[in-house]
Structure formats: C-alpha cells, structure tokens
Amino acid sequence: MDNNLPEAYVDLEAEADYITNFLDPKYDLEERPIPKISDDFLTPYEEIKKKLIQYVNNLTYFHINAGSIPKHYDEIVRLLSILGVDILGVSETFICEKTPKMLYEIPGYTFIHRDRTMKSRGGTGLYIKNGLEFKEIKISENIIQPEMCFAEIKCQFAKVVVGVIYKSPLISYTEYSVLTEVLPPIITGYEHHIIMGDFNVNQLKPDSSACKFFREHVLEPFDLTQLVTEPTRVTKSTTSLIDYLLVSYPENVKVAGVADIPGIADHHLVFCSYALKKPKFKPKIIVKRKMDNFNIEHFKNDIAFAPWGSLSAFDHGDLDNKITVIENIFRDIIDKHCPKVEIRVTHPPASAWLTPEIKQLQNDRDKYYSKFKKMKKMEKKEKSNDPHFKSKIQITENIYHQLRNKVTHAIRKSKIQVFDEKINKKLKQPKQFYHALKKFNVVDSKNCSSHEIKISPDILNNSFLSNNNAEIDANIILQEVTKFQNKPCATNAQFNFSEVNGLEVIKAVKSIKTNATGIDDISSFFIKASIEHTADILADIINASFVNNFFPTRWKQAIVKPIPKISNPIKASDYRPISLLPAFSKIAEKIAAKQMMEFLKEHKVLDKLQSAYKTAHSTITALLTVTDDIYKALDDSEMVLLTLLDYSKAFDTANHKLIVAKLKYFGFQENALSWITSYLSNRSQMVRTDTDSDWKVIQNGVPQGSILGPLLFTVLVSDISDNITSGSYHTYADDVQWYLNFKHSEAATAFATANTVMDNIVSFSKNNFLKLNTDKTKYIIIGSQHSHKKLAEIQLPPLVVNGDIIERKTDVKNLGIIFDEHMFWTNYIDSIVSKAYGRLKQAYKFRNFLSIESRFNIIETYVLSLFNYGNILYQNISARLANKIQRVQNSCMRFVFGLRKYDHISHCFETKKTLNMENRRKLHSLILMHKISLGLAPEYLSEKIIRHSDIHTYNTRARENIAVPRANSTLRSNTFFISAPKLYNDILPKLNLNQLSKVSINTFREKCKKYLISQQFPHLV
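Under our numbering, the first residue of the sequence shown carries the number 454, and numbering increases by one thereafter.
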C-alpha cells in the first residue's frame, strides 16, 4: 500500500536518519528541503474549499472555540483570508472590556461580541463580513450563562437570525433551561435560525442526562436540527462532540462538516453552506497617493516655476477664482509627482512578518497534519497491511511537530527582523517610530477600525445638522443683540485685521499638525514642502480676504467623515461627525486667530476664568485653581458643593449674530466684524461614505475642525460670569463648573443659593441658544469624613436645573480627573493604574522583538505618561497610593530590562538616570511654579502666590522667596500651593542660576532634573 511517503524515506533507517536530522535544533529549513508530500494530501483549508466550491453564492458560516482570539489572532486572520468566511462564530474569545481592539478587530469584518467577565468566563462573538447587512440583537446583561451573541443577517430574499452560544464546562447543563425564556423573543419573526457554539454537552453520549436535557429544552422546543456528526474535540484520552451547528431548516444545508485545523486551540472547526443567497460582495476600493518615487526637490522646483502669473488675470477681490487657480496648480503638480492609485481590498491583509516562505511552511505543516490524521484513522480501522505502518505514522507525526515548531520559530525570527527594521531602527525618527508601533499593535491606536457604513449619507448629514439648523427665536436674538448694543464698549481700543507677510504665513503653515485633506484634496504636507515658493502668494490672498471682508467660499465647504461612537452602530445618532476643511483655510484662520487673540489678551476682555484656547492655560491650570479653593475650604472645616454643568452640542448651536454682537462690544470694528460674518455664514457640508451626500447649508454653530471656531465660542460664553452672583466658578470651553463653600449646618442655605445660580445659568443658556444636558449634569459635596457624617443627619433639598432634579454623586469626572467626596484621589489613581497595567500588558506581547531603547520609549510615552496628566493635583496622596503608582514604574523597568518579578531594579533606574514617580511629581510642580514665578502662567494662578518682599521691606536673603501659606490639616499641607513653593524656595539656591528671570523653561527643567537625580542617586555625584 502506498502511504505517500517520499520514496527516499521508504527505508526505515533512512527515515529514522532523516528524523534525527530534522530534530536537530541547528537544522535550517532554508538549507535542506522539506520532505515532499503527495498532492493527494490537502491542507484542512483546501479540504473545506473543495467541499464549498460549488456553493460560492450561498451563505457560509463557521464556528471555532478560539481559546483566546488575541493569542491566535494571526491564525484567525489566515482562516478568514483563505476561506472568505461570511460569518465566523467564536467561543471563548477571552476578550474583556480592557482588551485593545487591535487584538481582535480584523479588517474586512465587523466583530460583535459579548465580553468575558469573572462570571461569564469565556466570551462569545461573531465576525460578520463587510457587505452583509446586519443588526446586532441586544441580549439582557442579566443573562450570564449560557453566554450568547446574536445578530440579524439580511440576505437577498430573507432575514436570518444567527447566534453563537457558549457554556462553560464548569457550569451545569441545566442552565440551558434559561433558553426557553431567552430565545423566543430573539428568534421570533425570523424564518431561518442558525445557532452555533461550544455547548459542552457531548452528543457522542446521546443517552446521557445532559444530552436528554438539551434535546428536551433546546432542540425539540425550537425545532432545531444539530448538523455535526463527527467529534469536535479529540485529546489523547477523550473524544467528544461538543461544538454544534443548529438550524431550523436542515433541507437548506448544502454541506456541513468538521475540520481539524492546527494553530487554533484544541477544538475542531465546524462549517456549513446554507442555501440562502448572500449579497454580491463588493471589494473595498482604497484610493491613495503613491509616494514611493516622490522627490521633494523636484516637487518644489515645479511649484516654484508654476504659472502663478495667471492669478493676475483676476481682480484683487476675485478670491474664489484665485483659489480655484491655486488649487488646480497644486493638484496638477501633486498628481504628477504622487499619482493616485486604487487598491482593491478583497480579504484581510496578512501580518507583515508572514512572508511567502512562512505561508508555504504553514501549508506544509497543515498537509502533514492532514496526513498524520488520515494515517491515524487508517490505523484505528486496521486497514494497512504494512508492518512498518506505526513507525511511518510516528515519522509523519514527528515531521508535523517539527514543521509546527519551525513555523513558530520562523514567525518569531521574521517578527524580530520586521520589528528591528520598522521600529527599533526608527527611534531617531519619532513620527515613523510611533506610526509603526500602532501599525503593529504594540500600542493601541485611536484610529477607528474599518467599518462599513450602511446608513445613507444624506440621512447622516441631516442628523449631524439637526442642532445647527434648529429653529431659533428671532425675538430673543434681537433682545440679546440690543442689550450689547446699548452697553458701553468693554475697551476704548479698536480691532481690525492687519496686513500679513510671507514670514507670518510660513510660521502659520508649519504649525498645522494634521495632513488630512478637505474638499480641495490638497494635504498640508505638500503646502509645507513648498511654502518657501508660495508664502507671498498666500499672503496676498489672505490680505485680499481681510481688505474685502470676504472669506473664500471654497474654504467654507467641509467634507464630513462619520466616525462610530460605539462598536456596532445601527442608527445615525451612533455616529459623530469629523469635519475636514481645506488646509489653505486653516492658514488664514491661524493668522486671524493670532491677531484676534493678541487683541483680546492685551485688553483683557475675555473672562480670565475661561481656560480654553489660551496660551499657558490648560485643563490642569483650571483644575489647579479649583482644587486649591476646595482644599482651602476643607482646611477651614467647610464643605464644598461642586456642580459640573454639561451642554449638548454647544458648538453646533452657537448663534452667529450673538458672537458678532459680543465682538463689537469688545472693540471689533465693522471691517473685522464683516470678515467674521463672512467666515461664519453660508457654510455648507456634505457627508462622505462610499458615496457623497448632497450639500447642505449650515445655519448656526461655529465650524467644527476649524481654528477660529473654538475662539469664537469662548467669546459667546464670555459673559456667563455676569450671571454667577454667588460662589466661585471656572469654565473650559463648554465645560462649566460652579462651587460654593458652606458649613454643614448651613446646607439648606447653600442649596438655595445654588438653585438661584442654576436658574441664572439656565436663563443665560436659553438666551444664548445653549442647551443644558441635565442627564449629564452632576453635583458632588466634598468635605471631611466628620463633616459628611454630620451632613448625613440633614435632609438635603434637591438641586434643580431647568426643572430637573440633578443627581448627587460620590465621585465625578472633572476635565478628565476623578474627584471624590473627600479629595483622597483613590478612584482616580486606581483607574489610571489599571489603564497603565493594561497598556503594559499589551506591550509585553512584543517584548522579545523590541530593543531596550524601544521598550524604554514605549513605557515613557504610552504607560508612564498616563501619570503625567494632573499629577501636580494629587501631591497629597497617601503613601499607599504613592506606592501603588511606584509599583507601575517598577513593572515598567522590569519590562524594559527583561527582569523577573522579584529581581532588583535599582540599577535600572541608575542606568537610565530615571526619576522615580515621586520625583517626577516634584519636577512637574517645580516647572509650573517657575512659570508662575516668571508670569508665564494664567493670572488666576499668579494671584495665588505672594513673595516675602510683598509682605515686608526688610532686606533679608529670602525676601524674594515665595511665602508659604499656613495649613491647618495634613491634607492641605501637601497640596501644590504649599508644597511647591517650599520646594521651589529650597531648590533655587542649589541650581546656581544667574538672572533667574532670563532662564528658559527648558534650562530650568534640565537643571531641576539633574538636581533631583543627584538626590535620588547620591553615589553618582
């Protein structure tokens, strides 16, 4: 009998000799050939394709128990790519809420899933191929076992309900009784039912109580037929059939089967072709510019000698035609140097390290696996008369095992090469380095996964503009505009736009960060590359715009990209709009915004407690002044009622006439106001998906994605302070927080005051067409534990905003930082520690492929950077929380240097001269205190420090030191405005800085870091 072994290895001694060589770890597959195998042996995937080939138009669905999608991601991508599966059901996904999307999302497929929890154990999911119209069917979160995930699939002539179910083997089969209540509302209304999964009930034992129970409670009540007849999990000691395909119409099944595929867990793949015609697949077309042969010098030369003289044919004020000429010149030259190419995406892309050689190895591995399995079946059936058959089985198995190991080693070797070339060698090119980290899933990318949008772009456009184009009360506008017209101007100064030159244009262009293209299809990359030749031309255009009080029409047209807010969007409100404006418009906006901001800042007409879009201001400076006020109150045994107000789509409802009226009040002259009116009015947008929507006019709102829009919004809300007659407040764009100090015995009075202020804010909001979202507006009462005990004895009145009672919370997220009712920071620290460990865990998967320098860069940029945001706020955290943060950094150092859990790490900090987390907090505090000292911080922070020279006139050595406020409590004594001045006073003499006022922030940072390192490692000095 021919067992398809290569002729050269028929002799057992030769075979044994081959195996000896093959087992040699130094054996190189590239140097010695793999034993040839007959073409009669197909890979499991080839076997499946052979069975399905005649049913290519039918719906195909598969199921696999993955035993962790992240662990077997490459093999699952390979499965989907080779077989073109329509629907893949997965049990034991091992995906939880914190799993990065890049570890389970696959291009070309949408993944809907129910995540793994401590109670539900495994996790279930469905990969649905793009092109299939589907809708996720929501399952009650109260159903924990069995785990399930369902979707409605729309075929050409029918809707099908498809689901995947998984029951842990640790859970009793009696849990399936819940399906009698759960399934009817899910499957009712659908003619075709397809359910698959790992049910952990062995159908090879039909008389068992588990099988009987399953038949009585699942198969018979719902008239389902189980298609799988072969074992789906085979180990050395057990054989079981626990992975099912259940259907309502078995006559529609054209082929169903089981395939034992290597590389994914220890369950077999089950598959089926179902006689329902699926929609014709449309390959995704990606259009991109081919940059391979781009020569920047040749491009710049063509721009320099372009026919710019043709612009003189138009009048000075004919900006729209001039813009058209400029766009055409740029596009023609860009198309010449970087032509557009279309890329057809027909299947998920393979990983970069899966080379053709490795793919061939995988095929060889799979073929030998198939051969080994067939020989084992023959052995069981005793069909071979060959006395050496068992030895040949052993040889085949050994070849398979070695090929399996070689695949693993080859992938590892290829990964090392790819990572070294694409990541480790790009450290000195930060942009390429970080792009590669995201591309290869070392760090989580914020980019949205590929998602097929099935909603009409016109429906999306109408939804996005529902707030912009809502009806407004003209009487209210007239009333508000008249109010500002009757008020004396806030300043005697007058503002008009001034002429710009080429140097200012160059500076503005270089500050543009995005390369996204607008309606003109011209990226800022090409404008930056050639700006030395076009700066004066663009300056002329911008100056003409200012002189003629006209913002070019083309620059007011936005392309809107819908971005999903949730994993599986099904309606227009599940998307958020991202507006893309021409890069040329951003240049003009940057110049206009700079001139406007300089005027507003110089004459101090904007509210100083508005921290958005101002130089040296940030969310942290805003929170720093708020927390300092809170700690002062706590230090005086008071409580603080903090209310966080939330606006719905505030930027979309901003009224143009009100903005212009307030600018006029600030001293803006008619020409400037006319230009801003032109900028805001007659804007339009279209939504772009696979097709484009119609253009729609935008009636209200400041332009999304613009430079000027946020500044104009701050102008609109600049007078909110006039309506806050009691307490304190701070604003950041459309985030408003108001707070009031009170004694617990005065709670009723405090709430009465709060309700009065809330009424005033509601009135202001209505008059300015800003809609308060009372569902997201929250309040918290902050105080000592003793004060809270006393407060608990009092019946508190409700806090009411716009007629709705506002919910009291024990913790709130304030500009990204979690405040708790005692200001202990426990919840916030716990949240960022958890997030940091999640990112570190992700990076660990690639540790062996990254150099030490790359690892260090990753932990600094993506892990420890989480603690940089707001760390000056929580200087007073407990020793327990400080230690918790430090342990994260210790784990990071072990990751960088490849150390085990209990290895010493002190030398790692020394090697990298890395500050521990406490010293990092000190460094950041010192830098901010230095900025405050030099007047480079917001005015509201500078007002909080006093020097000794402001208190007395004695000529002491410390007269220029910052006076340290007294604190009554330990909680306040370690806060920024007490600990930072103390540290700043102590460290300045040791830095040997001459003429402190002339020392740059960077120099001060370096000196401070050097000093702190010397304190941390005194033996290195």
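Where a beta carbon is used, it is the ideal one built from N, C-alpha and C, also for glycine. Since the structure is predicted, the reported quantities are computational estimates derived from the model, not experimental observations.
- When DSSP states are grouped into helix, strand and coil, Gly762 belongs to the helix group.
- Shown here, Leu918 sits in coil according to DSSP, grouped into three states, outside any helix or strand.
- Between the beta-carbon of Val1168 and that of Ile1112 there is about 6 Å, and that keeps the pair under the 8 Å contact cut.
- Residue environment analysis places Glu545 among the buried positions, since at least 16 neighbouring C-beta atoms fall within 10 angstroms of its C-beta.
- Within the same chain, Cβ atoms closer than 7 Å to the Cβ of Ile695 are found at Asp651, Phe652, Asn653, Val654, Asn655, Thr685 and Arg686, the five residues on either side in sequence being excluded.
- When C-alpha distances from Asn1301 are compared across Asn1280, Arg1347, Asp1264 and Lys892, the shortest belongs to Arg1347.
- Here Tyr822 is buried. Its C-beta has 16 or more other C-beta atoms within 10 Å.
- Within the model, the alpha-carbon separation for Ile1330 versus Thr1423 is close to 11 Å.
- If you keep only unbroken beta strand (DSSP E) runs of at least 3 residues inside the segment 1199-1287, you get 1231-1235, 1264-1267 and 1270-1273.
- Annotated three-state conformation of Ile796 is strand, per DSSP.
- Pro715 carries a coil assignment under DSSP once its states are collapsed to helix, strand and coil.
- Annotation: the continuous alpha helix (DSSP H) that includes Glu1363 extends over Ser1359 to Lys1365.
- DSSP, read as helix, strand or coil, puts Gly1180 in coil.
- Around the CB of Ala927, fewer than 16 other CB atoms lie within 10 Å, so the residue is classed as exposed.
- Within the model, the alpha-carbon separation for Phe1037 versus Lys963 is close to 12 Å.
- Shown here, Ile1031 sits in a strand according to DSSP, grouped into three states.
- Proximity of the segment 1313-1326 to the segment 1366-1385 meets the contact definition, three or more beta-carbon pairs being nearer than 8 Å.
- Taking every protein chain shown into account, the CB of Met744 has fewer than 16 other CB atoms within 10 angstroms, so this residue is exposed.
- Contact between the segment 1253-1272 and the segment 948-957 is absent: fewer than 3 CB-CB pairs across the two stretches fall below 8 Å.
- Taking C-alpha positions only, Ile1312 is separated from Lys878 by approximately 17 Å.
- Around the beta carbon of Asp1439, fewer than 16 other beta carbons lie within 10 angstroms, which makes this residue exposed.
- CA-to-CA, the gap between Arg1308 and Asp1143 works out to about 39 Å.
- Proximity to Ile869 across Ala805, Glu669 and Asp974 peaks at Ala805, based on C-alpha coordinates.
- At least 8 Å separates the beta-carbon of Leu1098 from that of Leu1394.
- Per DSSP, the continuous alpha helix (DSSP H) segment holding Arg857 begins and ends at Phe842 to Lys875.
- Annotation: Thr1068 to Ala1125 spans about 23 Å, alpha carbon to alpha carbon.
- Per the Cβ contact rule, the segment 1002-1015 is in contact with the segment 767-779 (3 or more Cβ pairs under 8 Å).
- Take Glu795, set aside five residues on each side of it, and the residues of its chain with a beta-carbon closer than 6 Å to its own are Ile738 and Val740, in chain order.
- Inter-segment contact for the segment 576-588 and the segment 537-551 is present: three or more beta-carbon pairs are separated by less than 8 Å.
- Just measuring C-alpha positions, the residue of Val631, Glu589 and Gln609 sitting nearest Pro599 is Val631.
- Rounded to the nearest angstrom, the gap between the Cα atoms of Ile984 and Phe758 is 13 Å.
- It is roughly 10 Å from the alpha-carbon of Gln1339 to the alpha-carbon of Cys1345.
- With fewer than 16 other Cβ atoms inside 10 Å of its own Cβ, Gly1388 counts as exposed.
- Residue environment: Thr627 is assigned as exposed (fewer than 16 neighbouring CB atoms within 10 Å of its CB, all protein chains considered).
- The DSSP-derived three-state label of Tyr1118 is helix.
- For the set Ile1466, Leu1444 and Leu556, the Cα lying nearest the Cα of Thr1456 is the one of Leu1444.
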